[in-house]
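Trainee: Have a look at the structure that comes next, please.
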Amino acid sequence: MSTAVLTDRERTAVQAYLRLLHTVRAAFDTQSGPADAPRPPVVPPSVLAEAEDALARAGLTGTEEEFFRMVRDWCPEP
17 MSTAVLTDRE RTAVQAYLRL LHTVRAAFDT QSGPADAPRP PVVPPSVLAE AEDALARAGL
77 TGTEEEFFRM VRDWCPEP
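Every letter in the sequence shown is one number past the one before it in our numbering, and letter 57, counting from 1, is 73.
Encoded structure:
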């Protein structure tokens, strides 16, 4: 396991991604009604923009493997 310390920008990107992930999960968990009913957008544009901006500022755009390693290190599965 890597022991590297995240930079502030990397940590911000990971936290923004986790907020995005939790928003998506919450939206799916609270959906009700028929399965074929139209659904509103799952992610508010501001949440998605925050994550995209944080990734870009941390230099993590296009480096998904490295980014998801950081996410796993920050928030390991139970």
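Heads up, the beta-carbon is just placed ideally off N, CA and C, and yes, glycines get one too. None of these values were measured; they are calculated from a predicted model.
Does the beta-carbon of A80 have 16 or more other beta-carbons within 10 angstroms, so that it is buried, or is it exposed?
Mentor: A small correction: the amino acid at residue 80 is Glu; Ala does not occupy that position in the sequence shown. So E80 counts as exposed.
Trainee: Which whole-angstrom value is the C-beta distance of L22 and M86, which I expect to be below 8 Å?
Mentor: Contact holds; Cβ gap of about 6 Å.
Trainee: L76 to A29, Cα distance in whole Å?
Mentor: Taking the straight line from one Cα to the other gives about 8 Å.
Trainee: Return the Cβ separation of E26 and A72 in integer angstroms, given the expectation that the two are a contact with Cβ distance under 8 Å.
Mentor: With a Cβ gap of about 12 Å, E26 and A72 do not count as contacting.
Trainee: What does a CB cutoff of less than 7 Å around A32 pick up in its chain, not counting 5 residues either side in sequence?
Mentor: Once the five neighbours on either side are set aside, the close Cβ partners of A32 are E66, A67, A70.
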